Structure formats: C-alpha cells, structure tokens
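Below you'll find the structure, written out as structure tokens, and then a few comments.
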Amino acid sequence: MAAPEPSSPAPDLPLLDEHRIAIDAPRDRVWAGLCRWSDTLGIGDRHPLGLLLGTQPRRGFERVELVPERVLGFAGRHRFSRYRLTFELAEITPVRTQVTARSNAEFPRLRGRAYHALVVGSGAHVVSVRRMLNSIRRESLKD
C-alpha cells in the first residue's frame with residue numbers, strides 16, 4: 001500500500017509531547033496491533049463532539065503517514081487546534097518493541113489557548129495518550 005501524501009496540518013507543528021511504552025512482542029506483531037487499534041482512532045462520524053469542535057475530518061484524524069512496521073501518522077484539525085499524532089516503532093530486542101507516541105499541535109488565538117488549558121493543562125491529553133498506548137499494547141498481545 002502506498003503511503004498517503006501528507007495533508008494539513010503540516011508536519012512542522014510544534015512538539016506538544018512524547019510518550020513511550022515497551023511491549024513484549026516483536027515489531028511485526030506490535031505493528032499489527034497498532035494497525036488494528038488505529039481503526040478505532042477518533043470519534044464516530046455523528047458524534048456530537050465532532051460537530052461541536054468542527055473536526056476535519058469528521059472522525060478527528062486521518063492517516064497521513066505510513067512506513068510499514070516503523071511509522072504511522074495521523075492528523076486533523078478543528079476550531080481550536082491543528083494537530084498531528086505519530087507512532088514510531090523501534091526494536092529493543094527481537095521480542096521487545098518500543099512504541100513512541102509523538103503529539104504535535106498548535107492552538108491559535110485566544111480560543112485555542114483556552115482549549116489548550118482545558119485539554120492539555122488539565123492533564124486530559126496525557127491520560128488519553130497513555131490509554132492509547134495501553135490499548136496498543138493489549139492489541140499487540142492478543143493471540
């Protein structure tokens with residue numbers, strides 16, 4: 001499958017944070033788990049939050065980067081932010097893989113700064129990313 005062309009937002013968005021998790025599984029298995037999990041990323045097309053925020057795409061994320069067994073990137077935007085979420089896989093040992101989740105985002109204008117305070121300042125973003133990584137771990141360890 002060819003990698004999709006990068007779209008808005010640009011990959012040069014400011015770094016928000018990075019989180020890592022080590023998974024006791026080979027990289028190909030973690031990649032499969034990440035891909036299964038990524039099918040659930042975002043919100044439903046009719047979810048009220050998407051309408052309230054004005055998410056583009058409607059689910060909140062679109063795949064913008066794919067390097068098999070190495071990188072899977074998503075991007076999106078809404079009224080208060082442009083953002084990118086990138087997952088990178090690195091082999092620690094043949095049976096242990098590190099997954100790095102990198103968030104880049106910008107929060108323009110006063111409303112964007114208020115949204116940043118609400119979502120990032122409250123710690124909700126960190127909780128959300130940790131849940132994502134733990135979900136990826138569970139998917140990777142399924143038989």
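In terms of full-length UniProt numbering, the sequence shown has 67 at position 67, counting the first letter as 1, and numbering is strictly consecutive. Cβ coordinates follow ideal geometry from the N, Cα and C atoms, glycine included. Note that this is a predicted model, so its numbers are computed, not measured.
Counted as a single uninterrupted DSSP element, the beta strand (DSSP E) harbouring A75 occupies residues V71 to H78.
Under the 10 Å beta carbon count, T55 is surrounded by 16 or more other beta carbons and is classified as buried. Relative to the Cα of P68, the nearest Cα in the group V30, R131 and K142 belongs to V30. Assignment of beta-bridge partners to R113 by DSSP yields no partner. Judged by their CB atoms, S81 and A105 are nearer to each other than the 8 Å cut-off.
In the displayed model, I136 falls within a helix according to three-state DSSP. Taking a contact as a CB-CB distance under 8 Å, the pair F87 and V99 counts as one, their CB atoms being some 6 Å apart. Three or more pairs of CB atoms, one per stretch, sit closer than 8 Å, so the stretch 101-116 contacts the stretch 10-21.
By the Cβ-count criterion, G44 is exposed, with fewer than 16 other Cβ atoms from all chains shown falling within 10 Å of its own Cβ. Note on T97: 16 or more other CB atoms within 10 angstroms of its CB, so buried under the neighbour-count rule. In the DSSP assignment, D28 falls within the alpha helix (DSSP H) that extends over R27 to S38. Judged by DSSP secondary structure, L51 falls within the alpha helix (DSSP H) whose first and last residues are P48 to L53. By the Cβ-count criterion, G121 is exposed, with fewer than 16 other Cβ atoms from all chains shown falling within 10 Å of its own Cβ. Contact between L41 and F74 holds, since their C-beta atoms are separated by about 6 Å, short of 8 Å. Secondary structure of R58 (DSSP, three-state): coil.
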